[in-house]
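Worksheet: one structure, shown below.
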Amino acid sequence: MGKYSNSICGNESNDSLSISEITDITIIAGVFFDGTNNNKYNVDFWENGPNIHPSDKEGYEKYRKLKDDTDAEHYASYKDSIKTNIAELWYMYDTAKMPNCIKVYVEGPGTESPIESKSVKPYSDEDGMVSSGEDDSLRGYTLGSGDTGVNAKIERGCQLLVDEVLKKMRGIQGDQLRLNLILDVFGFSRGATAARSFVHRLLKRFIYQSVTEDKKVTLEEQFDRIYALGTISHITTGVRFLGLFDTVSSYNKQSMISPSTITLLWSTSPFENDVEELQLTIPPYVGSVVQLVAADEYRECFGLTNIASAETARGEEIILPGAHSDIGGGYKRYEEEYIYMSDGVFRDVNEHETGKRQCRGYLSLQELMDGRWLPFDWLAPQKSLDRYGKSVITYNKKRLVYNTYAKIPLYIMGRKAASTKVTWIYPTSAHKVASKGILWKNRVFEVTTSLDSESLIDLKN
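Here it is in structure tokens:
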């Protein structure tokens, strides 16, 4: 990896070994950290739930439990989202075209890890993993700490990665192996926080005074399992590409959590030391970093962590219109929402026309229309008769909002990663089903150089 390499550990001297006894191997690994309350296993399970047969007793009972629970917060990662851009990229990361390539997916903070299925299920992924069926963790998704928090997900990512490395190396012959591990790391929301902390804390000596919550968050600690086998003399790592969707850390190690403590914590700005606590600066051995930023997200308790530490030579930050999950994905295919913040009916036409009622976001309806964010005829008046036969003018108070905008950040990140030699799969029929309709053509990554009209049409098809 040239100047972007760093040594994890191992015997620095190979004087006792002849050159013929040493085998060098390079492995490329994609590591994907999903966002807060985002979990592709839970999404798959919920979407396949109605088709689970009673003969699948475990799955059937899990789904009934989910379906009967009316508390939306308990199972938000199941019911209130679809797969994010992180999950989509994981599906399309091409481990076949890149030699000695592996990939791992880590579910988002606030959600439980999957379990291994004893048999193939309609809702199991290509690695045979299925949803745990457990509810979401309040501490994990509000504070990013605990057993489903950021540090726990980094530990899991390290474990999964080393497991995949071991599988890949089993068939390689040699008395002593020298491993060069090249990483492509992606993350969204607190998953982007996990991605940044992961690449910064690869080695035990890089932990410094950071908060680990007694989790084994360094890759070196997990690689100790490989060294125990006695076949690897040295390991070096480098980060080829770091792709971030709207980094939000919002981390606090508070262990006792309840709605009242959350209110108290948020009133005292508990998330001010995250960069130091989790080591979120971009280290020098990261070759290229791209962050896509949501321009219109409310940030009172969920501030953005920029990539200024990467400097302009290695880092590129692109600000895009939209809210947090417009950038990272995960919104339902469509949702019905009130156009105005307040409920109730319009009191008069003038109040609507002047935009006195604040719309969702920072701009009033009139400001959105003046800025051409909405077409002039977007909310045309509707003429009708009231119950007395009198002519009246009404306006829709609701609209359907679709999630297709998130394909644009997905496309941009794919293009940026491809420029560093990351290879993506053209979706086959199976992948089209798995990726829920993200239908890319090869030319999107390989030919198109800008977001021209043809590219956008291609993304919409």
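In terms of numbering that gives the first Met the number 0, the sequence shown has 429 at position 430, counting the first letter as 1, and numbering is strictly consecutive. By construction, the Cβ of each residue, glycine as well, lies at the ideal position given by its N, Cα and C atoms.
Asked: Beta-carbon proximity list for residue 161, same chain, < 8 Å, skipping 5 on both sides; Found: 218, 221, 222, 224 and 225
Asked: Same chain only: Cβ atoms within 7 Å of residue 240, ignoring 5 sequence neighbours per side; Found: 183, 286, 287, 416, 419 and 421
Asked: Contacting residues, own chain, Cβ-Cβ under 6 Å from residue 91 (five flanking each side not counted); Found: 423 and 424
Asked: Reference residue 383; option with closest CA among 172, 393 and 374; Found: 393
Asked: Same chain only: Cβ atoms within 8 Å of residue 317, ignoring 5 sequence neighbours per side; Found: 289, 290, 291, 292 and 411
Asked: Coarse secondary structure for residue 413, derived from DSSP in three states; Found: helix
Asked: At least three beta-carbon pairs within less than 8 Å, the segment 66 to 82 to the segment 119 to 126; Found: no
Asked: Residue 202 versus residue 153: straight-line alpha-carbon distance, rounded; Found: 13 Å
Asked: Distance between residue 26 and residue 189 (C-alpha atoms, nearest Å); Found: 27 Å
Asked: Proximity of residue 277 and residue 196 at Cβ, strictly below 7 Å; Found: yes
Asked: Reduced DSSP secondary structure (H/G/I, E/B, other) of residue 371; Found: coil
Asked: Through-space distance from residue 367 to residue 373, alpha-carbon basis; Found: 6 Å
Asked: Strand pairing of residue 21, partner residues [DSSP]; Found: 175
Asked: Selected residue, minimal CA-CA separation from residue 144, among 210, 337 and 413; Found: 210
Asked: Burial state of residue 107, where buried means 16 or more other Cβ atoms lie within 10 Å; Found: buried
Asked: Top-ranked residue by Cα proximity to residue 180, from 165, 187 and 119; Found: 165
Asked: Test item: CB-CB of residue 396 and residue 337 under 7 Å; Found: yes
Asked: Contact under 7 Å by Cβ, residue 135 with residue 50; Found: no
Asked: Cβ-based burial, residue 140 [other Cβ within 10 Å; buried from 16]; Found: buried
Asked: Whether residue 187 touches residue 34 by CB criterion (7 Å); Found: yes
Asked: Where the alpha helix (DSSP H) containing residue 61 begins and where it ends; Found: 56 to 67
Asked: Residue nearest to residue 41 in terms of C-alpha spacing, selected from 30, 52 and 61; Found: 61
Asked: Limits of the beta strand (DSSP E) - the one that residue 103 falls within; Found: 100 to 105
Asked: Residue 409 vs residue 335 beta-carbon contact at 7 Å; Found: no
Asked: Residue 293 - partner residues in DSSP beta bridges; Found: 319
Asked: Integer-rounded CB distance, given that residue 120 should sit under 8 Å from residue 55; Found: 7 Å
Asked: DSSP three-state assignment for residue 72, whether helix, strand or coil; Found: coil
Asked: Nearest residue (CA-CA) to residue 404, options 88, 325, 329 and 385; Found: 325
Asked: C-alpha distance - residue 242 paired with residue 309, whole-angstrom precision; Found: 12 Å
Asked: Buried versus exposed call for residue 461 [16 or more other C-beta atoms within 10 Å across all chains shown]; Found: This structure cannot settle anything about residue 461, because the visible part of the chain is limited to 0 through 460.
Asked: Per DSSP, the bridge partner or partners of residue 158; Found: Bridge partners of residue 158: none, in fact.
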